[in-house]
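Okay, so here's the structure we're looking at.
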Amino acid sequence: MSTTYDVTVIGSGPGGYVAAIRCAQLGMKTAIIERYPTLGGTCLNVGCIPSKALLDSSEHFHQAQHQFAEHGINIKDLKLDMPQMVKRKGEVVDQTVAGVAFLMKKNKIDVLQGHGSFVDKNTINIAKEDGSSEQITTGKAIIATGSKPSSLPNIEIDKKRIITSTEALELKTLPKHMIIIGGGVIALEMASVFGRLGSKITMLEYMDSLIPTMDRSLGKELQKVMKKSFDFTANLSHKVTGAKATSRSVTVTAENKKGESVEFKGDICLMAVGRRPYTDKLGLENLSIETDRGRIPVDEHMQTSVPGIYALGDVVRGAMLAHKASEEGMFVAEVIAGQKPHINYNAIPGVVYTWPEVAGVGATEEELKANGAPYKSGKFPFRASGRARASMDTDGFVKILAHKETDELLGMH
Ligand code: FAD
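Residue numbers (the numbering used here): 9 to 421.
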């Protein structure tokens, strides 16, 4: 006989595990299904946490190399130990995912390992790695299956020379020349890690600015700072047309602004053109749920077209951010419990963990202009701050956008 749950969550990323904890706290008998052996999803295993660990390590190395002497600290024989850096990153990940496993136990949530798929609205099949399977019965279900890296047509990710962020976080030797396709958040964070450690970085971005979804002033400033900090070239308005790897190198071809074909040769090509919602083998066809450009459509309660089945996080509309997924996890649990939660999407910040860190919340200046909103803008350069000079952090600024008449805060970048 199959076990029956009030709620079953598929996927244990920051959306899924937070939803499961909140459901359990609200008195529901809860299960969580995860296809990988560790909990925590993209964010904890191959995303936010490992990238932040390497960002910190590489920033320490870069400061030791370029700033310590000015502070009056002289180090002899500074050396990079990549295997140790990657090992430490692995330990941070291990401790963090173990923390999630502990939270599941503490909240009496059943963790079921295997690939979940819907047989029908109330039955989920869990296919295990050893070929066996188990079926459970559930009153309600929450789909939190997240996302996977996207690629471009005609480019095959071989995971050796043409890699995604997942493989980049495991590199144990430093590439001499890394070509990065994409100029968004993940691309810039990876560029910072490897650029600071000594790789030459060539970035190819289709749009005419870096981090084009954030306030445009941020991408411009960051490009300047990164160029000054390490060997970094951003080729904007470049449409990548192909990438070919040999055993020794990789060649990326692109079309520049003038329509000319240009070629870049490096030893690693990192594909960072965004992520696609992941619903592979989820059995959505058994529920007659159709995706919209890969995403699962949900209403204002995050309910899918099937009553009692909810979806959240990277697999639905909106920004692909861990804290957005977690917020939606709390929201869905409270909706199921009959409460009336609320999410203010306008108050969810986006952060790029470069140095200086780039962050933005609320409306961008471009959005306000496009909407014809009356606004005023104030900008303060860090250069003018004594505290920033003391820590040698004089690059960057704070920009505040407020309503022209009421002073209401509309955006901050
Ligand atoms: P995920 O974290 O993707 O989790 C989904 C889980 O579902 C996975 O564990 C998957 O194995 C499992 N799953 C999928 N299908 C099934 C199935 N059928 N059965 C069982 N299990 C299944 N965001 C930030 O906010 N800040 C950051 O600093 C940040 N840095 C990032 C750095 C990198 C390199 C990357 C790649 C991403 C980063 N992100 C960051 C984005 C963040 O990781 C995602 O937004 C977040 O993980 C989404 O959470 P989620 O719960 O929706 O899905």
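Using N, Cα and C, we set each Cβ at its ideal position, and we do this for glycine too.
Please read these numbers as outputs of a predicted model, since none were measured by experiment.
Residues in its own chain within less than 7 Å of I194 by CB, not counting five upstream and five downstream? Counting from 1 along the sequence shown, the entry for residue 194 is found at position 186. A distance below 7 Å between beta-carbons, with the five flanking residues on each side excluded, links I194 to the following residues of its chain, in chain order: S173 and A280.
Residue range of the beta strand (DSSP E) that includes K387: Locating residue 387 in the sequence shown gives position 379, counting from the first residue. Y383 to P389 is the span of the beta strand (DSSP E), which, as asked, contains K387.
Assuming contact is defined by CB atoms lying nearer than 8 Å, are I151 and I317 in contact in what I supplied? To locate residue 151, count along the sequence shown from 1; it is residue 143. To locate residue 317, count along the sequence shown from 1; it is residue 309. Cβ distance < 8 Å, so I151 and I317 count as in contact.
With hydrogens ignored, establish whether the beta-carbon of P59 is closer than 7 Å to any heavy atom of the ligand FAD. Here residue 59 refers to the residue found at position 51 when the sequence shown is read from its first residue. In the sequence on display, residue 59 carries Ser and not Pro. Indeed, a heavy atom of the ligand FAD lies less than 7 Å from the Cβ.
Go through the segment 22 to 88 residue by residue and report every complete run of the alpha helix (DSSP H) that reaches 4 residues or more, in order. Those alpha helix (DSSP H) runs which fall completely within the segment 22 to 88 and span 4+ residues are 24 to 33, 49 to 54 and 56 to 74.
Looking only at its chain, what residues have a beta carbon closer than 7 Å to the beta carbon of V26, apart from the 5 residues adjacent to it on each side? The residue you call residue 26 lines up with position 18 of the sequence shown. These residues qualify, in order along the chain: S334, G337 and M338.
With three or more beta-carbon pairs closer than 8 Å as the criterion, would you say the segment 138 to 149 touches the segment 14 to 25? Judged by Cβ distances under 8 Å, the segment 138 to 149 makes contact with the segment 14 to 25, as three or more pairs qualify.
Report yes or no: do the segment 93 to 110 and the segment 61 to 69 share at least 3 C-beta pairs separated by less than 8 Å? Between the segment 93 to 110 and the segment 61 to 69, the count of C-beta pairs closer than 8 Å reaches three or more; the two stretches touch.
Give the straight-line distance between the Cα atoms of G274 and L218, rounded to the nearest whole angstrom. What you label residue 274 is simply residue 266 of the sequence shown in a count that begins at 1. What you label residue 218 is simply residue 210 of the sequence shown in a count that begins at 1. Distance between the alpha carbons of G274 and L218 is about 21 Å.
E142 versus K136 - alpha carbon distance: Counted from its first residue, the sequence shown places residue 142 at position 134. Counted from its first residue, the sequence shown places residue 136 at position 128. Straight-line Cα distance between these residues: approximately 8 Å.
The ligand FAD and S20: does any heavy atom of the ligand fall closer than 7 Å to the residue's C-beta? On the sequence shown, position 12 is the one that residue 20 refers to. At least one heavy atom of the ligand FAD lies less than 7 Å from the C-beta of S20.
What are the boundary residues of the beta strand (DSSP E) that G147 is part of? As a working note, residue 147 is residue 139 in the sequence shown. Secondary structure note for G147: its beta strand (DSSP E) is the uninterrupted segment S141 to I151.
Cβ-heavy atom distance, Y286 to the ligand FAD, below 7 Å: In the sequence shown, the residue the question calls residue 286 occupies position 278. Residue side-chain check: Y286 places its Cβ nearer than 7 Å to a non-hydrogen atom of the ligand FAD.
Which two residues bound the contiguous alpha helix (DSSP H) that contains E336? As a position in the sequence shown, residue 336 is number 328, starting the count at 1. In the DSSP assignment, E336 falls within the unbroken alpha helix (DSSP H) covering A330 to I344.
Who are the near neighbours of L86 in its chain, counting only those whose CB is closer than 7 Å to its CB and skipping five residues on each side? Against the sequence shown, residue 86 aligns to sequence position 78. Here the set comprises A72 and Q73.
Can you list, in chain order, the residues of its chain whose CB lies under 7 Å from that of Y383, leaving out five sequence neighbours each side? By one-based count along the sequence shown, residue 383 stands at place 375. Excluding positions up to five away in sequence, the list reads L376, L409, A410, H411, K412 and L418.
Rank A381, E268, G394 and G326 by C-alpha distance to the C-alpha of D5 and give the top, closest one. Look at the range of the chain in this structure, 9 to 421, and you will see that residue 5 is not part of it.
So, at 8 Å on beta carbons, what are the nonlocal neighbours of R224 in its own chain, with the 5 sequence-adjacent residues on each side left out? Your numbering for residue 224 matches position 216 in the sequence shown. Result list for R224: S217, T372, E373 and E374, in chain order.
Check whether the segment 122 to 129 and the segment 290 to 308 touch, using three or more Cβ-Cβ pairs below 8 Å as the test. The segment 122 to 129 is in contact with the segment 290 to 308.
Cβ atoms of G21 and A154: under 8 Å apart, would you say? Reading the sequence shown from its first residue, position 146 is the one you call residue 154. Reading the sequence shown from its first residue, position 13 is the one you call residue 21. Rather than Ala, the amino acid found at residue 154 in this sequence is Gly. Going by C-beta atoms, G154 is nearer than 8 Å to G21.
Could you tell me which residues DSSP pairs with D300 in its beta bridges? Against the sequence shown, residue 300 aligns to sequence position 292. DSSP links D300 through a beta bridge to R303.
With distances taken from CA atoms, which of L278, T259, N53 and K156 is nearest A106? In the sequence shown, the residue the question calls residue 106 occupies position 98. The shortest C-alpha separation from A106 is found at N53.
Taking Cβ positions, are S10 and I117 nearer each other than 8 Å? Walking along the sequence shown from the start, residue 10 turns up at place 2. Walking along the sequence shown from the start, residue 117 turns up at place 109. No, Cβ-Cβ distance for S10 and I117 is not below 8 Å.
Endpoints, the alpha helix (DSSP H) within which E229 is located: Taking the first residue of the sequence shown as position 1, residue 229 is located at position 221. Taken as a continuous stretch (DSSP letters only), the alpha helix (DSSP H) holding E229 covers R224 to S237.
Y353 - DSSP class collapsed to helix/strand/coil: Start at 1 with the first residue of the sequence shown, and residue 353 comes out as number 345. Y353 falls in the helix class under three-state DSSP.
Endpoints, beta strand (DSSP E) assigned at K208: The residue labelled residue 208 in the question sits at position 200 within the sequence shown. Here the beta strand (DSSP E) through K208 covers K208 to L212.
Using a threshold of 7 Å, is the CB atom of R30 nearer than that to any non-hydrogen atom of the ligand FAD? Position 22 of the sequence shown, counted from the start, is the residue given in the question as residue 30. R30: no, Cβ never under 7 Å from the ligand FAD.
Since E271 and H246 should fall inside the 8 Å C-beta cutoff, what is the C-beta to C-beta distance between them, to a whole number of angstroms? Here residue 271 is taken as the residue at index 263 of the sequence shown, counted from 1. Here residue 246 is taken as the residue at index 238 of the sequence shown, counted from 1. For a cut-off of 8 Å, the C-beta gap from E271 to H246 is around 11 Å, too long to register as a contact.
Flag D322 as yes when its Cβ comes closer than 7 Å to any non-hydrogen atom of the ligand FAD, and as no otherwise. Here the question's residue 322 lines up with position 314 in the sequence shown. Indeed, a heavy atom of the ligand FAD lies less than 7 Å from the Cβ.
Where does the unbroken alpha helix (DSSP H) through V101 begin, and where does it stop? Working through the sequence shown from its first residue, we reach residue 101 at position 93. Unbroken alpha helix (DSSP H) run through V101: M90 to K114.
State the CB to CB distance for the pair F69 and R204, rounded to an integer number of angstroms; the pair is presumed to be in contact (CB under 8 Å). Within the sequence shown, numbered from 1, the residue matching residue 69 stands at position 61. Within the sequence shown, numbered from 1, the residue matching residue 204 stands at position 196. Yes, they are in contact, since the Cβ atoms of F69 and R204 sit about 6 Å apart, within 8 Å.
Label A330 either buried or exposed according to how many other C-beta atoms from any shown protein chain fall within 10 Å of its C-beta, with 16 as the threshold for buried. Translated into positions along the sequence shown, residue 330 becomes position 322. Around the beta carbon of A330, a 10 Å sphere encloses 16 or more other beta carbons of the protein chains shown; the residue is thus reported as buried.
Mind listing, in chain order, the continuous beta strand (DSSP E) runs of no fewer than 3 residues lying wholly within the segment 270 to 297? Counting only runs of at least 3 residues, the segment 270 to 297 fully encloses the following beta strand (DSSP E) elements, listed from N- to C-terminal order: 276 to 279 and 283 to 285.
Give the single residue among Y44, L47 and T12 whose Cα lies nearest to the Cα of T38. Stepping through the sequence shown from its first residue, residue 38 is reached at position 30. Taking only the C-alpha atoms, the option nearest T38 is T12.
Please report the distance separating the alpha-carbon of D166 from that of D288. For the purposes of this step, residue 166 is identified with residue 158 of the sequence shown, where counting begins at 1. For the purposes of this step, residue 288 is identified with residue 280 of the sequence shown, where counting begins at 1. Between D166 and D288, the C-alpha separation is close to 20 Å.
Between M211 and the ligand FAD, is the CB less than 7 Å from at least one heavy atom? The count along the sequence shown starts at 1 and reaches residue 211 at position 203. The answer is no for M211.
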